[in-house]
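In the numbering used here, the protein residues as written are 2 to 764. Glycine included, C-beta positions come from ideal geometry on N, C-alpha and C. It should be emphasised that the depicted structure is a prediction, and the values quoted were computed from it without experimental measurement.
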């Protein structure tokens, strides 16, 4: 702050330049470090220094009409603004706030109030409340009108997000030590919310907790006894659920249900209510005793006092893992009616199912799973859930048939899909951070109708938010060198090819990460955007509004690009524009679904490309596959047997054209020099361990086949030659290797096994 120039310099990060703001543009500046007023001639701090000071009530009106009010331990007015000292706790700490005069329209200070004697780190009684400055709950009237409540909710939505612990310490209701103790206990007891834990410990009263929720976090307070409860809102939640959660539905609006709760910060409660009501739920603050007394009379007045099927829902508070949740659900299944009715199943397992789905996603993320498959079976067959880990499906859980529709409905709700549509496939995305604040994870969701009116759901975990470094992709030194040479050319086309799920997009983003410099403008068109990078201009393709790869590519050409990445060349139009872009001074990267690098050339020519233009534009084609990596924790090595060595040589030499096949002895000597130990090649095996769950494999690595367009290959492309001739010409360069040959090299390195290479590569 510069008082003479009446200016504030704001620096968000050390790496950013400061931004200058005039005092008239700033409402207030708060010193985040608490201050301790000092007493005595020696200036030593005193814990009870506040006891002989006076508190003043202030009210400041800013020039935009907003007001700012509270209590201050004295104040200091200057020509350029006023300094306030907001009390933080009973130990005398204050928070210094500066309000610029240029930003205020008016200010007033009330008669001073004496502060009671400071109380040190002592538990408070729930019944003994001292009326301290700032405890202005009495000034806040509980709402009893629907329109007032909806207006208060709109105001709350505009308030900044404040953590409960931070609010309680700022108001002086708990000390930092007490909050730290409660947070430590909460790590071992996630089921108990922080506010209730502080109340249970005696550090906080329920009245003060409600005051913090209302004043600092903006939750509207409702007088449940006098509020006109809507019957339509009660109909969304059964009486048994309302009693178990101690909530009272108040208002139902389109796509919104408002409920009164003792603690509206409980995410688990809101998730369960959203699942049951199939709509968004917002909680407001109510007195827990009033809510408890008002639930049954409200349902009786609305004619909804029957417990219904919700009454038999067991308390799943102890269900911490998928197996425990399954035991609870199996118990419920044994008590269900014999008539298979999916709606009953949803009601019987509501809270357990919410916890199960969250647990399933969290466990999948922890295991490094790429996909979750939820498979519905006909009749009374169980619902099967399988994980795809390292490219292979493995069983995770089987659920009772009565929860078939409920699992699908829950996933649709999380992905904002239409739960009533069961005959058509749907696509969506789940932002799992909304359901579990500890996990920043996105999932792509696809629902597919199956026989007998059922649906399957497949979830793709999009957890790789950042690209892999190009040096870490597993390319051999020769392939890495030639790929870098190709992508550093000023213009041309580089293609990455392979089947679905072979890591093509990951490879292209690694290349873009290597090329992403301030001197280059890079556009990408993707469907969907799975990896994000700063400074890339990334576009999401949406065919439903006719926003296709071809149209995005045409738009990019008018946006002064240096490098363009197209997620996939799917049609003739996209291929034509891509070649045109690469010939007009742009580097173009894209993917294609072909089996080998040489086959990619013939595929594009068959799509109608001009062979001469295509030959001039193409720089390189990188074909790749993903194989499972040998587990490093249980991997063992021994000398390769003669039979295994000859088998490797046969596989490696078979890929060469007969006229260009090297001698076996020369290849063997090269292997021994590059990968041998004491002149002996090693055979690597993994028996399985806890880290790899007994499979012997942990993670995946890429196999690569890089085809550089040499003058000889360029001449073959111009004559529309067959892929066999193009591959034969590629071998003449001396450093071209097929996917299988690259895989055999990685077998010799101990990175994977020959069985994996054979399973993923043709000759």
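Comparing alpha-carbon positions, the option among 524, 602, 273 lying closest to residue 561 turns out to be 524.
Counting every other CB atom within 10 Å of its CB across the protein chains shown gives residue 170 a total of 16 or more, marking it as buried.
Secondary structure of residue 71 (DSSP, three-state): strand. Inter-segment contact for the segment 438–447 and the segment 361–372 is present: three or more beta-carbon pairs are separated by less than 8 Å. Restricting attention to 225, 166, 282, the CA atom closest to the CA of residue 256 is found in 282. Within its own chain, the residues whose Cβ lies closer than 6 Å to the Cβ of residue 453, once the five positions on either side in sequence are excluded, are 379, listed in chain order.
In this structure residue 551 does not touch residue 540 by the C-beta definition: roughly 13 Å separates them, more than the 8 Å allowed. An exposed status is given to residue 181, since fewer than 16 other beta-carbon atoms sit within 10 Å of its beta-carbon. Nearest to residue 285 by C-alpha distance, out of 147, 496, 497, 202, is 147. Of the residues 362, 702, 680, 712, the one whose Cα lies closest to the Cα of residue 761 is 702. The Cβ atoms of residue 87 and residue 73 lie closer than 8 Å to each other. Contact between residue 249 and residue 261 is confirmed by a C-beta separation of about 5 Å, below the 8 Å threshold.
Look at residue 723 here: in three-state DSSP terms it is coil, with no helix or strand label.
By alpha-carbon distance to residue 744, the top candidate from 725, 706, 715, 719 is 706. Beyond the five residues adjoining it in sequence on each side, residue 359 comes within less than 7 Å, by CB distance, of 436, 437 in the same chain, given in chain order. Rounded to the nearest angstrom, the Cβ distance from residue 638 to residue 475 is 20 Å, too far for a contact under 8 Å. Within 10 angstroms of the beta-carbon of residue 506 lie 16 or more other beta-carbons, which makes it buried. The beta carbons of residue 226 and residue 291 sit about 5 Å from each other, so the pair counts as a contact at 8 Å.
The Cβ atoms of residue 61 and residue 108 sit closer than 8 Å to each other.
The C-beta separation of residue 740 from residue 726 comes to about 19 Å, leaving the pair out of contact by the 8 Å criterion. Apart from the 5 residues on each side of it in sequence, residue 418 sits with its Cβ closer than 6 Å to the Cβ of 427, 429 in its chain, given in chain order. Cβ neighbours of residue 521 within its own chain (closer than 8 Å, five residues either side excluded): 563, 564. Beta-bridge analysis with DSSP links residue 373 to 388, 460.
Looking at the backbone, the Cα of residue 463 and that of residue 432 are separated by about 10 Å. One thing to note: residue 650 has its Cβ no nearer than 8 Å to the Cβ of residue 614.
Comparing C-alpha distances from residue 758 to each of 200, 642, 627 shows the shortest one belongs to 627. Every beta strand (DSSP E) of 3 residues or more that sits fully in the segment 245–310 is shown, in chain order, as 248–254, 257–262, 282–286. Distance from the CA atom of residue 554 to the CA atom of residue 514, rounded to whole angstroms, is 20 Å.
Taking a contact to require three or more Cβ pairs closer than 8 Å, the segment 594–610 and the segment 681–694 do not qualify as touching. For residue 610, the three-state secondary structure derived from DSSP is coil. In this structure, the CA atom of residue 388 is about 10 Å from the CA atom of residue 361. Judged by pairs of C-beta atoms under 8 Å, the segment 587–599 does not touch the segment 667–675, as fewer than three such pairs exist. Counted as a single uninterrupted DSSP element, the beta strand (DSSP E) harbouring residue 98 occupies residues 95–101. For residue 474, no beta strand (DSSP E) run applies, since DSSP gives it neither H nor E. Judged by DSSP secondary structure, residue 478 falls within the alpha helix (DSSP H) whose first and last residues are 478–488. When only Cα atoms are considered, residue 10 and residue 29 end up about 13 Å apart.
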